[in-house]
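S.K.: Sharing a structure, written as structure tokens. Questions coming.
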Amino acid sequence: MLTLKKKILGVAVPGLSGAAAFFSVASVFIILGIIFIGGIGNISWEFVSQAPREGMTEGGIFPAIVGTFWRVLLMSLVGVPIGTITAIWMCEYAPQNSPITRIVRFAVNTLAGIPAIVFGLFGLGFFIQFCGVEMDKMFAPEGVIQWAQPNILWASLTMSILTLPVVIVSVEEAIRNVPQELREGSYALGATRLETVLRVVLPNAVTGILTGAILAVSRGAGEVAPILFTGAAYFLPHLPEGLTDQFMDLGYHIYIMTTQSADVDGTKGVLFATTLVLLTLTFALNLAAITLRYHLRKRMIQA
Amino acid sequence: MNNESAKIETRDLNLFYGTTQALKSVSLSVQEREVTALIGPSGCGKSTWLRCLNRMNEMIPGVSINGGVLLDGVDIYGKSVDAVEVRKRIGMIFQKSNPFPQSIFENIAYGMRLQGINKHADLHVIVERSLRRAALWDEVKDVLKKSALALSGGQQQRLCIARALAVEPSVLLMDEPASALDPLSTSKIEDLICELKESCTIVIVTHNMQQAARVSDKTAFFFEGELIEFGATDILFTAPTKRKTEDYITGRFG
Amino acid sequence: MESYLETRYETIKSSVHGMADKVVEAVLAAEKSFETRDVVAAQGVVDSDVVINETERRLDKELFAFEALTAPHASDLRFIVASVRIVKDLERIGDHAVNIAEMAIRANEIDSDKKSITPLTAQIAKAATSMFTQAVAAFHNNDYDAAMAVLVLDSHVDALCIQIEKEIIAKVSGAPEAAEALLITLLAGREWERIADLATNIAEEIVFILKSWDIKHNHYENPEEFA
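This is the structure in structure tokens:
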């Protein structure tokens, strides 16, 4: 006999889990909807191509877009190669399940769990107050502070550490997905480990590596905390011209407009629009990752 | 046994996976330009033995090997011998055809590029010759730029044979090369084995006893890590001397 | 649990052994009928040949199919290949038994007082029959020594056959009126000699099945060399 308990569970479990699923879908649409409706009215060519004016209530967010672009690019140039090489080492070179690989894996997992603000403080302490100070001692003229201050380089390096676990994990997965038979085929033809990695493993993992890179970029693009103390500027009249310059940033721009603005009502429209631009960029990057992977995979099968 | 003309042989070869012994003092010598078939139930050590011949086992963590593996009289596990050099001289074909996800041309060229041959004209000569030797040229000569993955299973396996032949190995190891193929593709592979025997020494692992009987000159029967019986194929399949061989090939096992 | 292949193999094996038993019956009946001029027994031998011939046809087909469909190896293969030849030999022996039985019937008509029978006829019949039954017994028991023992008996039967020839030739010149009956005796001796030869063949096949040695055509010394 089907007990009452079972009958109730039979209805309650699918009901509740369905509701939970609906809830998460609904929140996405509500958030996106509010941002879209609030922001779309303020989006214009002028908005994306001009600097802010009148205490952020007028003009555009062009410097913030450019700043974000450079920061993300620098971050990727450093983080993706390091992450990829780490993943290659973990999969292809390090002895499996040895103490050293376990330590590295533990480090990567821990890194992924550290709050973003801690990275910001780490960047301030390590890059600016240690690396920067030392570099100034070596390179800068006496008494001039060149590197020991927040700038786009330190911000990007901090960010690349934050995104390292994302890159490592996705590249690792891509490398592990390369069939073992292909490696064996390569070794059997007299290839060394390095030749096998370069000629077989990496070309076959390239979609995964790119996916990892793009995921890291979209994760990093939205983060604000790590750059708070390491390079982002409240307002700059000019674009960054070198590694020692500070920069404006979309996420940080949203943050300061929300918390620091003197004219809350005046900046509200701009705030919504900036958020919309940031979300659109992140979304576009994700879309690009998916499309890229799809096309590369298709090309690999048909060629 | 006349070891003078042995192309490749093992002497008291033992192999351990951790503490499990997978090969127990196997001494077996393969004659030049003969096809030697390895038969036996799954897990009997025949594939493991095969993979000792081109040092593929040492990539597996926890494997330890002792005893001698001699190629043309030289111990390939010797201190001065590089596994990479050994593998250039001993080609291998796997159970699952494993073409690289590249063009047919690039698949064959792979081994030569490793050796620093990069000129297209040189590569083309060798690609054509290898594909002809693998009886695949006529089927693919117009589509060399197409992905190797677009070929049928049987064609892919012949492509892998061509790829191995391109580096001119003197020994070809085949690990169940036709077990995933239809009968027609299988018979093409078998024809190829008989053809290649003229220029190569071939060692083939197979679960298909008819196949071993058809293509090989000598057959070795492995059981639980030991070499039970080794001899001319026509004797082994009609009048084996060991009880275990008899039981296995007549299907009265266990 | 027996495998289905094993079952199939055992079935065909017992069919071949069964045919051997049937032919043994025919030979024993033929021996008796010729000695005693037992016309009824002789007719029984003649009639039973149809069954033997049909068995040969059926086994031909079954052995052929077994070979083609199961691709046997080692001792199974040797059994199947040897059985093809044993079945043929058995059928020939059956034919010779029929010939002897028919001669018994004819001899009964023209020589009712058994003048044409000599002690040698009984001897050769007995010797040949015993060789054949021993060969079949060795076949049933997978007995290598028994099979080898059959082989050495053949020369005795050959000698008996020659003796019969000489005796009959001597008798015919003294009693031309009994020529036909004597000739039948001579021919019957020839039939027994053939049966002994075929029994030898069967013994050789048994050695092949058991040891894989080919000892045909008197390679009986050091049989291991003919592996």
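Protein chains in written order, with my numbering: chain A, 1 to 303; chain B, 1001 to 1254; chain C, 2001 to 2227.
Every residue gets a Cβ at the ideal spot worked out from N, C-alpha and C, and that includes glycine.
(1) Once DSSP output is grouped into helix, strand and coil, what is the label at residue 1092/B?
(2) What residue from 21/A, 247/A, 191/A, 84/A has the CA that sits closest to residue 108/A's CA?
(3) Which bits of chain B does residue 204/A rub up against, with CB to CB less than 9 angstroms?
(4) Looking at the C-beta of residue 1221/B, does it have a partner C-beta in chain C at a distance below 7 angstroms?
(5) Output the boundary residues of the alpha helix (DSSP H) element that contains residue 2104/C.
(6) Which class does residue 1041/B belong to by DSSP, given the choice of helix, strand or coil?
(7) Going by the CB atoms, is the gap between residue 1045/B and residue 1023/B shorter than 7 angstroms?
(8) Check whether the Cβ atoms of residue 1199/B and residue 1157/B lie closer than 7 angstroms to each other.
(9) Would you verify that the beta carbon of residue 188/A is, or is not, closer than 7 angstroms to some beta carbon of chain B?
(10) Between residue 1006/B and residue 1027/B, is the Cβ-Cβ spacing less than 7 angstroms?
(11) So which of 2003/C, 2012/C, 2119/C has the shortest CA-CA distance to residue 2055/C?
(12) Since residue 1071/B sits in a beta bridge, which residues does DSSP pair it with?
(13) Taking the alpha carbon of residue 36/A as the point to measure from, which residue in 229/A, 270/A, 96/A, 262/A has its own alpha carbon closest?
(14) If we call anything under 7 angstroms between Cβ atoms a contact, is residue 232/A one with residue 72/A?
(15) If I follow the unbroken beta strand (DSSP E) through residue 1226/B, where does it start and stop?
(16) Can you tell me whether residue 138/A is buried or exposed? The criterion is at least 16 other CB atoms within 10 Å of its CB, across all chains shown.
(17) What separation, rounded to the nearest whole angstrom, lies between the Cα atoms of residue 1135/B and residue 1188/B?
(18) Roughly how many angstroms lie between the CA atoms of residue 1087/B and residue 1053/B, to the nearest whole one?
(19) How close, in whole Å, do the beta carbons of residue 2152/C and residue 2090/C come, if the pair is a contact with beta carbons under 8 angstroms?
(20) Is it buried or exposed, residue 2001/C, if we count other Cβ atoms within 10 angstroms and call 16 or more buried?
(21) With a threshold of 7 angstroms on Cβ separation, who are the neighbours of residue 1099/B within its own chain once the five nearest residues in sequence on each side are excluded?
(22) Within 7 angstroms (strictly less), CB to CB, does residue 182/A reach chain B?
(23) Does residue 1115/B have its Cβ less than 7 angstroms from a Cβ in chain C?
(24) Can you list, in chain order, the stretches of the beta strand (DSSP E) that have 3 or more residues and sit fully within the stretch 1167-1214 of chain B?
(25) Quick one: give me the first and last residue of the alpha helix (DSSP H) that residue 106/A is part of.
(26) State the start and end residues of the unbroken alpha helix (DSSP H) segment that holds residue 1026/B.
(27) Output the distance between the C-alpha atoms of residue 1116/B and residue 293/A, rounded to the nearest integer angstrom.
(28) What does residue 2071/C reach in chain B if we use C-beta pairs closer than 7 angstroms?
(29) So, for residue 16/A: in the same chain, excluding its five sequence neighbours on each side, which residues have a beta-carbon less than 6 angstroms away from its beta-carbon?
(30) Which residue from 1018/B, 1120/B, 1042/B, 1209/B puts its Cα closest to that of residue 1218/B?
(31) Using only CA atoms, which one of 2154/C, 2134/C, 2003/C lies nearest to residue 2145/C?
(32) For chain A, is any of its Cβ atoms less than 7 angstroms away from the one on residue 1088/B?
(33) Taking the straight line between their C-alpha atoms, what separation do you get for residue 1056/B and residue 1111/B?
(34) Leaving out the 5 sequence neighbours to the left and right, which residues in its chain are closer than 6 angstroms to residue 2014/C when beta-carbon positions are compared?
(35) Mind reading off the beta-carbon distance from residue 1211/B to residue 1229/B? Whole number of angstroms is fine, and I expect it under 8 angstroms.
(36) Find the nearest neighbour of residue 1036/B within the set 1249/B, 1250/B, 1231/B, 1235/B, judged by alpha-carbon distance.
M.R.: This is what the structure holds:
(1) strand
(2) 84/A
(3) 1100, 1101
(4) no
(5) 2074-2110
(6) coil
(7) yes
(8) no
(9) yes
(10) no
(11) 2012/C
(12) 1008/B, 1074/B
(13) 270/A
(14) no
(15) 1226-1232
(16) exposed
(17) 9 angstroms
(18) 9 angstroms
(19) Wrong, their Cβ atoms sit about 22 angstroms apart, outside the cutoff.
(20) The pLDDT assigned to residue 2001/C is 49, lower than 50, so where the model puts this residue is not dependable, and the model offers no usable value.
(21) 1107, 1148, 1149, 1156, 1159, 1160
(22) yes
(23) no
(24) 1171-1175, 1201-1205
(25) 99-113
(26) Segment 1020-1031 is the beta strand (DSSP E) holding residue 1026/B; no alpha helix (DSSP H) there.
(27) 32 angstroms
(28) 1210
(29) none
(30) 1209/B
(31) 2134/C
(32) yes
(33) 17 angstroms
(34) none
(35) No, residue 1211/B and residue 1229/B are not in contact; Cβ-Cβ is about 18 angstroms, not under 8 angstroms.
(36) 1231/B
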